[in-house]
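Engineer:
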Amino acid sequence: MQLSAQDLLRLFICPGEDWPIKAISLALENKGVDLAEMAQVRNITTGTIRNAFYRDCPAYEEEIAMAIGVEPAVIWPRRYQRRNKKKNPQRAVA
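Numbering (the numbering used here), first residue to last: 84 to 177.
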């Protein structure tokens, strides 16, 4: 049985869900990017940049996404939906 690229992708990444940490790590690895090197360039620890995997860290999310070649909202859609709701709350209509 042959699966399409899209079907294969869905095995690892669920649409509308944040990417699993392993998927992010693998995407970075496939691009030849090492988190330790990214951290060293910024003069921070690897653990600091890795915080983006677990909590909101817009600057590091942006850097990781740029290294992979996608927008941060592609990797962390739930975070960006939540941020957009905070920025643009719906006004109640009277």
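Backbone N, C-alpha and C define an ideal beta-carbon position, used for all residues, glycine too.
Output the distance between the C-alpha atoms of A122 and Y143, rounded to the nearest integer angstrom.
Structural biologist: Each residue's alpha carbon lies about 10 angstroms from the other.
Engineer: Specify, as a first and last residue, the run of the alpha helix (DSSP H) that P155 falls within.
Structural biologist: 155–158 is the span of the alpha helix (DSSP H), which, as asked, contains P155.
Engineer: Sort N167, R165, I107, I132 by Cα distance to V153 and report the nearest one.
Structural biologist: That would be I107, whose Cα lies nearest to the Cα of V153.
Engineer: Can you give the Cα-Cα distance for F136 and P155, rounded to whole angstroms?
Structural biologist: C-alpha separation (whole angstroms): 12 angstroms.
Engineer: Relative to the alpha-carbon of L111, which residue among R166, K168, I158 has its alpha-carbon at the smallest distance?
Structural biologist: Answer by Cα proximity: I158.
Engineer: What does the alpha-carbon distance come out to for the pair R165 and E120?
Structural biologist: Their Cα atoms are separated by approximately 30 angstroms.
Engineer: For A177, does the three-state DSSP call read helix, strand or coil?
Structural biologist: Confidence at A177 is low in this model, with a pLDDT of 48, below 50, so its placement is unreliable and no value can be given for it.
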